[in-house]
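Trainee:
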Amino acid sequence: MERPGGGFAAGAERARNVMAHAVVEFYNPAQLRGLQRLNVLHQQEADTGDPAER
Numbered sequence: 001m002e003r004p005g006g007g008f009a010a011g012a013e014r015a016r017n018v019m020a021h022a023v024v025e026f027y028n029p030a031q032l033r034g035l036q037r038l039n040v041l042h043q044q045e046a047d048t049g050d051p052a053e054r
């Protein structure tokens with residue numbers, strides 16, 4: 001039986017959207033670009049593995 005509101009996946013998506021809007025309101029555009037770069041670097045590190053951690 002489907003829960004009202006879409007269940008866990010829909011709730012998680014709503015939570016991500018709320019956080020994204022909060023971040024946009026809190027940081028200025030230059031800070032957001034810096035955070036996006038850090039996120040990309042972190043994701044690349046997670047995808048390839050950091051040799052320093054081996």
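In case it helps, UniProt numbering puts the sequence shown at residues 1 to 54. Here a beta-carbon is modelled for each residue, glycine too, at the ideal position from N, C-alpha and C.
1) What's the C-alpha gap between GLU13 and ASP47?
2) Once the 5 residues before and after HIS21 are set aside, which same chain residues still bring their CB inside 6 angstroms of it?
3) Considering just the uninterrupted stretch of the alpha helix (DSSP H) at ASN39, what are its terminal residues?
Mentor: Judging by the given coordinates:
1) For the purposes of this step, residue 13 is taken as residue 13 along the sequence shown, with counting starting at 1. For the purposes of this step, residue 47 is taken as residue 47 along the sequence shown, with counting starting at 1. Roughly 23 angstroms separates the two Cα atoms.
2) Stepping through the sequence shown from its first residue, residue 21 is reached at position 21. Closer than 6 angstroms at Cβ, skipping near neighbours: no residue.
3) Within the sequence shown, the letter at position 39 stands for residue 39. Unbroken alpha helix (DSSP H) run through ASN39: 29–48.
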